[in-house]
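Asks: Here it is, the structure, as structure tokens.
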Amino acid sequence: MAGDADLFGPRGRPQDPGRLQGRSGVEGLVRECVLRPKHHPDRDLPVVVLFGPRGSGKTALLGTIENRCGQAVPNARIDLDNKPSGSARAAVTRLAFDLSRKYENFGRIHFRRLMLCLLVVGAQLNEENRRKALAELRTTVAEDTAIDDRTRNAVNDVVANAAEAGLLPPWSSVAADLLLRGADSLRWRRRLRLGSGIGWPVEGKPVDLGDMWVDIGVADSGVVDEVFCAAFLADLREAYRKRRSARSRANCVVLLDNIDSEGGRQLLDILLDVRQRGEQGSHPLLLVCTSRQWDRRWGRQGVDAHTPEQAGLAAWESLRRIGTGRDSWWYPVELRDFTASEVAVIGRFATEAAPSPFVHALTGGHPWGTREVCAALGEQPTEPEMRLVFERRDDDGAALAVRAREYLLQDFNITQRRTLAVFAAAPDLELATRSAVRAAGTDDGIGPLREVRSRLWSGTDDDNRLSLHPWLRRLLLHELASRAEDDEESWQVVHARHRDHHRDQGNTAQSLYHALALEDLGAVVDDLRTRFERIHAENDVRPWVQRLDLITSAPNRISGDRAPRDRVEELVLGTVSPQDANLGRLVAAKWLLSDPLGDPGRSLHNVVRIGFERLAQQAEAGFVVLLAEAEKYA
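Below you can see the structure in the form of structure tokens.
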């Protein structure tokens, strides 16, 4: 018999060294939940919800868990995205088919109650005459009676329709046919009948077994879905009561992708309702789900969630909200973005190589974005290749930036996408949604803002302001920059609107932020020179440096087809006076450096260092502060 360590795949490093970067804690949590300790095999298990925006690696992680389970642990996986509502019965039927496969050292789980439900639903019972319907049902499951063509065809139709909808595997019709017509069909039906003593009455329905099955045969969709889910859980409990050695050591694993869909929410609601009010004791089932949205039923967003590193059964038990009914089972785990060191592993970059910090700064560590950019660059990209990575095309001729937007924004309609690109012009969402700067023709920004927050594309910046995810914002800025000059919401129009609004409000720093986005370097240099000349004490220097940092963090639409130093000289030439050339180069260089695409090779660090050193020599006060800024770029 394999050891416990083998019940959930190998503990060793996966073949792909970057596959579980930042996610290994989830694998540890699943392993902990899969193994059934001898002293407490029937312990409560959480409903693990892996959440994050599109592209955060949720589906890939389910695939890793599925591979770890392999043939050692019964497992099933379905994607609930875009499935029609009312499909809970079809979903649990598919799960049962997968879980009933024969697993190594585990045997086979028989879902007798669930199969009987499928049989009854397909029997087309008489809805008008209850007594006749009951007689038909008894005939259908009678030991010595063959199933007629109508009933067989009805069950086959149920299975075929579910299979066409993607809710059952293509071979499920074969299993149904064997159940109904095979040489062993009478024995199967005898076992079904003997195993059909269900101890969970449906609320509001007669307890009599015969009447119950009639009700299932003619009930509305909601009742049937509930009974199917109850049968599914009851069959699992029954299978584990026999205490086969392998079963006593490992729980089943069900992987549900996209439970934030209508069908996903319905399925989880029914399963948790049935489990909450049903038979207490063994629940040998671990549910691992994914969601692209936060659900209020999980608790308080940003408070009642753990990172993969924090995940564990003990952590869930301490977090669990006892007394909240079915909502006490949720365990949300946020799939965070990758760190810079994790990006280096995923990209197979050398530790000190320029591509690693470049990719992390560009994507913010977003998992899908990180992998796509790394794949586009290769392991040893040149500096020009990094500057132009958004233009790299795949085999179909689509540029990376376009492909990324199409993938990440598929949950938003065209109007919302256009509005989001306008939002991206501002440094944070509070400034982006002010009435004076919103997109032309829109009454408010509530709808797009609500979608951004719901889809988990917002967070807080260093100043605790709500802002777009850096990777999404960079892609939206790229879209805004690519708009035609005559577009009513072009780059020029949007930033000019922001510039004028902040100027009228007396916020000159924010106004100059947008002026620099419009390449008005002269206005920025004039303001900074005037303020620099007013520095008479060391305490005056820090606010000046902070103003410089804020203004030069503005976005740009400068093409990456020219070397960064050449672009700095082009910006300064003819824009600022010769006596302001040093300050002009400092502003231009810091501006390009604030964008990862502006200078991936960091060749402008020397320009910024020299700029601060010369300012330090000119300053009446604050020499030490300015020199310290210069040393940051050494």
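Take the sequence shown: its position 289, counting from 1, is numbered 284 in the working numbering, and each next residue is one higher. Using N, Cα and C, we set each Cβ at its ideal position, and we do this for glycine too. The structure displayed is predicted, hence computed values, not measured ones.
Consult DSSP for Pro362 and reduce its assignment to one of helix, strand or coil.
Replies: What you label residue 362 is simply residue 367 of the sequence shown in a count that begins at 1. If DSSP states are grouped into helix, strand and coil, Pro362 belongs with the helices.
Asks: In angstroms with no decimal places, state the Cα-to-Cα distance between Glu329 and Pro303.
Replies: Numbered from its first residue, the sequence shown carries residue 329 at position 334. Numbered from its first residue, the sequence shown carries residue 303 at position 308. If I take the Cα positions, the gap works out to 7 Å.
Asks: Label Gly392 either buried or exposed according to how many other C-beta atoms from any shown protein chain fall within 10 Å of its C-beta, with 16 as the threshold for buried.
Replies: Here residue 392 corresponds to residue number 397 of the sequence shown, with the count starting at 1. That one is exposed.
Asks: Using C-beta distances below 8 Å, list every residue in its chain close to Leu622, excluding the 5 sequence neighbours before and after it, in chain order.
Replies: The sequence position of residue 622 within the sequence shown is 627, counting from 1. Hits under 8 Å: Phe607, Glu608 and Ala611.
Asks: In whole angstroms, what separates the C-alpha of Val202 from that of Thr455?
Replies: Locating residue 202 in the sequence shown gives position 207, where the first residue counts as 1. Locating residue 455 in the sequence shown gives position 460, where the first residue counts as 1. Because the pLDDT of Val202 is 34, which lies under 50, any placement of that residue in the model is unreliable, and the question is left without a value.
Asks: If I measure Cβ to Cβ from Tyr628 and keep anything under 6 Å in the same chain, skipping five residues before and after, which residues do I get?
Replies: Position 633 of the sequence shown, counted from the first residue, corresponds to residue 628. If we look at Tyr628 and ignore the five residues flanking it on each side, its Cβ neighbours are His600, Val603 and Arg604.
Asks: Might you give, ordered along the chain, the residues of its own chain that have their beta carbon closer than 7 Å to the beta carbon of Ala396, omitting 5 neighbours on each side?
Replies: Your numbering for residue 396 matches position 401 in the sequence shown. Within the same chain, Ala396 has close Cβ partners Phe385, Leu470 and His473.
Asks: Excluding sequence positions up to five away, which residues of its chain have a Cβ less than 8 Å from the Cβ of Gln487?
Replies: Residue mapping note: residue 487 aligns to position 492 of the sequence shown, counting from 1. Cβ neighbours of Gln487 beyond the five flanking positions: Glu480 and Leu513.
Asks: Run the CB neighbour count on Ile441, radius 10 Å, all protein chains shown included, and call it buried at 16 or more, exposed below.
Replies: Indexing the sequence shown from 1 puts residue 441 at position 446. With fewer than 16 other Cβ atoms within 10 Å, it is exposed.
Asks: In whole angstroms, what separates the C-alpha of Arg445 from that of Arg478?
Replies: Taking the sequence shown and counting its residues from 1, one reaches residue 445 at position 450. Taking the sequence shown and counting its residues from 1, one reaches residue 478 at position 483. If you take the alpha carbons of Arg445 and Arg478, they lie about 25 Å apart.
Asks: Specify the secondary structure class of Arg388 as computed by DSSP and reduced to three states.
Replies: In the sequence shown, the residue the question calls residue 388 occupies position 393. Arg388: strand per DSSP, three-state reduction.
Asks: Where Arg232 and Arg366 are concerned, what is the direct C-alpha to C-alpha distance, given to the nearest angstrom?
Replies: For the purposes of this step, residue 232 is identified with residue 237 of the sequence shown, where counting begins at 1. For the purposes of this step, residue 366 is identified with residue 371 of the sequence shown, where counting begins at 1. Between Arg232 and Arg366, the C-alpha separation is close to 41 Å.
Asks: Starting from Asn601 and walking both ways along the alpha helix (DSSP H), at which residues does that stretch end?
Replies: Stepping through the sequence shown from its first residue, residue 601 is reached at position 606. From DSSP, the alpha helix (DSSP H) with Asn601 extends over His600 to Gln613.
Asks: Roughly how far, in whole angstroms, is the beta-carbon of Gly20 from the beta-carbon of Pro362, given that I think they are within contact range, below 8 Å?
Replies: Within the sequence shown, numbered from 1, the residue matching residue 20 stands at position 25. Within the sequence shown, numbered from 1, the residue matching residue 362 stands at position 367. Rounded, the Cβ-Cβ distance is 15 Å, inconsistent with contact.
Asks: Does Lys97 pass the burial test, meaning 16 or more other C-beta atoms within 10 Å, or should it be called exposed?
Replies: Here residue 97 is taken as the residue at index 102 of the sequence shown, counted from 1. Its Cβ having fewer than 16 others within 10 Å, Lys97 is exposed.
Asks: Does DSSP put Asp456 in a helix, in a strand, or in coil?
Replies: Locating residue 456 in the sequence shown gives position 461, counting from the first residue. In the structure shown, Asp456 sits in coil (DSSP, three-state: anything other than H, G, I, E or B).
Asks: Taking the alpha-carbon positions, what's the Ile104 to Gly47 distance?
Replies: Along the sequence shown, one-based indexing puts residue 104 at 109. Along the sequence shown, one-based indexing puts residue 47 at 52. Distance between the alpha carbons of Ile104 and Gly47: 34 Å.
Asks: When you compare only the Cα positions, how much space is there between Pro550 and Asp590?
Replies: The sequence position of residue 550 within the sequence shown is 555, counting from 1. The sequence position of residue 590 within the sequence shown is 595, counting from 1. Distance between the alpha carbons of Pro550 and Asp590: 7 Å.
Asks: Give the C-beta separation of Leu475 and Ala420 to the nearest angstrom, bearing in mind that I take them to be a contact with Cβ-Cβ under 8 Å.
Replies: As a position in the sequence shown, residue 475 is number 480, starting the count at 1. As a position in the sequence shown, residue 420 is number 425, starting the count at 1. Contact flag correct, Cβ pair sits at about 6 Å.
Asks: Measuring only the C-alpha atoms, how far is Leu187 from Arg107?
Replies: Here residue 187 refers to the residue found at position 192 when the sequence shown is read from its first residue. Here residue 107 refers to the residue found at position 112 when the sequence shown is read from its first residue. The pLDDT assigned to Leu187 is 41, lower than 50, so where the model puts this residue is not dependable; a value taken from the coordinates is nonetheless given after this. Cα to Cα, Leu187 sits roughly 5 Å from Arg107.
Asks: Quickly, what does DSSP pair Trp325 with across the bridge? List them, please.
Replies: The residue given as residue 325 occupies position 330 in the sequence shown. Beta-bridge pairing links Trp325 to Val42.
Asks: Start and end of the alpha helix (DSSP H) containing Asn62?
Replies: Numbered from 1 along the sequence shown, position 67 holds the residue referred to as residue 62. Per DSSP, Asn62 belongs to the alpha helix (DSSP H) from Lys53 to Cys64.
Asks: Tell me, please, which residues DSSP counts as bridged to Cys284.
Replies: Working through the sequence shown from its first residue, we reach residue 284 at position 289. According to DSSP, Cys284 bridges with Val44 and Leu251.
Asks: Hey, would you say Ala630 sits closer than 7 Å to Leu566, going by beta carbons?
Replies: The first residue shown for the chain is -4 and the last is 629, placing residue 630 beyond what the model contains.
Asks: Please report the distance separating the alpha-carbon of Gln574 from that of Thr410.
Replies: Taking the first residue of the sequence shown as 1, we reach residue 574 at position 579. Taking the first residue of the sequence shown as 1, we reach residue 410 at position 415. When rounded, the distance between both Cα atoms is 47 Å.
Asks: Terminal residues of the continuous beta strand (DSSP E) containing Ser462?
Replies: Within the sequence shown, residue 462 is the residue found at index 467, counting from 1. Ser462 -> beta strand (DSSP E) spans Leu461 to Leu463.
Asks: By how many angstroms is the C-alpha of Gln296 removed from the C-alpha of Leu461?
Replies: Position 466 of the sequence shown holds residue 461. Position 301 of the sequence shown holds residue 296. Near 14 Å, if we compare the C-alpha coordinates of Gln296 and Leu461.
Asks: Is the Cβ-Cβ distance between Ser485 and His497 less than 7 Å?
Replies: If you number the sequence shown from 1, residue 485 lands on position 490. If you number the sequence shown from 1, residue 497 lands on position 502. No, the Cβ-Cβ distance between Ser485 and His497 is not below 7 Å.
Asks: Do you know how far the Cα of Gly258 is from the Cα of Asn246?
Replies: As a first step, residue 246 is located in the sequence shown; it is residue number 251 there, counting from the start. As a first step, residue 258 is located in the sequence shown; it is residue number 263 there, counting from the start. When rounded, the distance between both Cα atoms is 25 Å.
Asks: Here's a check: name, in chain order, each residue in its chain whose Cβ is nearer than 7 Å to the Cβ of Pro559, leaving out the five neighbours to either side.
Replies: For the purposes of this step, residue 559 is identified with residue 564 of the sequence shown, where counting begins at 1. Closer than 7 Å at the Cβ level, and outside the excluded window around Pro559, lie Leu587, Gly593, Asp594, Ser598 and Leu599.
Asks: Less than 6 Å between C-beta atoms, sequence neighbours within five positions excluded: which residues of the same chain meet that for Pro292?
Replies: Translated into the one-based positions of the sequence shown, residue 292 becomes position 297. Rather than Pro, the amino acid found at residue 292 in this sequence is Arg. Same-chain partners within the cutoff: Asp322.
Asks: Output the distance between the C-alpha atoms of Pro443 and Leu415, rounded to the nearest integer angstrom.
Replies: Mapped onto the sequence shown, residue 443 falls at position 448. Mapped onto the sequence shown, residue 415 falls at position 420. One C-alpha to the other measures close to 7 Å.
Asks: What is the DSSP secondary structure of Asn70, reduced to helix, strand or coil?
Replies: For the purposes of this step, residue 70 is taken as residue 75 along the sequence shown, with counting starting at 1. Strand.
Asks: Do Val417 and Val489 have their beta-carbon atoms positioned less than 7 Å apart in this structure?
Replies: Residue numbering aside, residue 489 sits at position 494 when the sequence shown is read from its first letter. Residue numbering aside, residue 417 sits at position 422 when the sequence shown is read from its first letter. Contact flag set, yes.
Asks: Would Arg89 be called buried (16 or more neighbouring beta carbons within 10 Å of its own) or exposed?
Replies: Taking the sequence shown and counting its residues from 1, one reaches residue 89 at position 94. The residue in question, Arg89, is buried, as its Cβ has 16 or more Cβ neighbours within 10 Å.
Asks: Which class does His301 belong to by DSSP, given the choice of helix, strand or coil?
Replies: Counting from one through the sequence shown, the residue named residue 301 turns up at place 306. Strand.
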